[in-house]
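Numbering (my numbering), first residue to last: 1 to 163. We treat Cβ as the ideally placed atom computed from N, Cα and C, and that holds for glycine. Computed from a prediction, not measured in an experiment: that's the story for all the values here.
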């Protein structure tokens, strides 16, 4: 038995306009458009959960863990500040940074404490000469995890630029 496979455009049962149309391309475009949308950086303008978390007055909140789980691997972007910087273990060129949202004020913090752990200056992809405590910056970072014991929300830096 010989079986022949017909292409859709060769199918005589299809109307002529259907044969020439390209619904696959439209679907692909729609899919790529929705992928682009779903992969855009999360900001306070397009993600109410991020806006809520960054304005939360609690240092530790159950919503931080939920956010970290839901958006693990996604990129978030917000205006923040450098709260603390220390050498990572015994290294001279690797650091741990604590950052948070908003403008620098040593006596007031809103939202979780975010941590960049074991990074060097170049990992920060910064336009600043130095990244030190007290700077107001724009943070773009990948969501990693939230540690409910320490209250630290771990991020992987994409960029930390001056503002």
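Contiguous beta strand (DSSP E) elements confined to the region 73–128 occur at 75–87, 95–101 and 113–119, taking only those with 3 or more residues.
Fewer than three pairs of CB atoms, one per stretch, sit closer than 8 Å, so the region 120–136 makes no contact with the region 60–69. In this structure, the straight-line span from the alpha carbon of residue 155 to that of residue 107 is close to 23 Å. Beta-bridge partners assigned by DSSP to residue 142: 75 and 156. The C-beta of residue 58 has fewer than 16 other C-beta atoms within 10 Å across all chains shown, which makes the residue exposed. Taking every protein chain shown into account, the CB of residue 135 has 16 or more other CB atoms within 10 angstroms, so this residue is buried. A contact is defined here as three or more CB-CB pairs under 8 Å, and the region 134–151 meets this definition with respect to the region 103–118. Judged by their CB atoms, residue 99 and residue 73 are not nearer to each other than the 8 Å cut-off. Distance from the CA of residue 50 to the CA of residue 159, rounded to the nearest whole angstrom, comes to 18 Å. Close CB contacts of residue 128 within its chain, under the 8 Å cut and outside five residues either way in sequence, are with 135, 137, 160, 161 and 162 (chain order). If you draw a straight line from the Cα of residue 130 to the Cα of residue 87, it comes to about 14 Å.
Residue 132 is classed as exposed because its beta carbon has fewer than 16 other beta carbons within 10 Å across all chains shown.
Per DSSP, residue 57 lies in no alpha helix (DSSP H) and is assigned neither H nor E. The beta carbon of residue 44 sits closer than 8 Å to the beta carbons of 50, 51, 54 and 78 from its chain, once the five residues preceding and following it are set aside; these are given in chain order.
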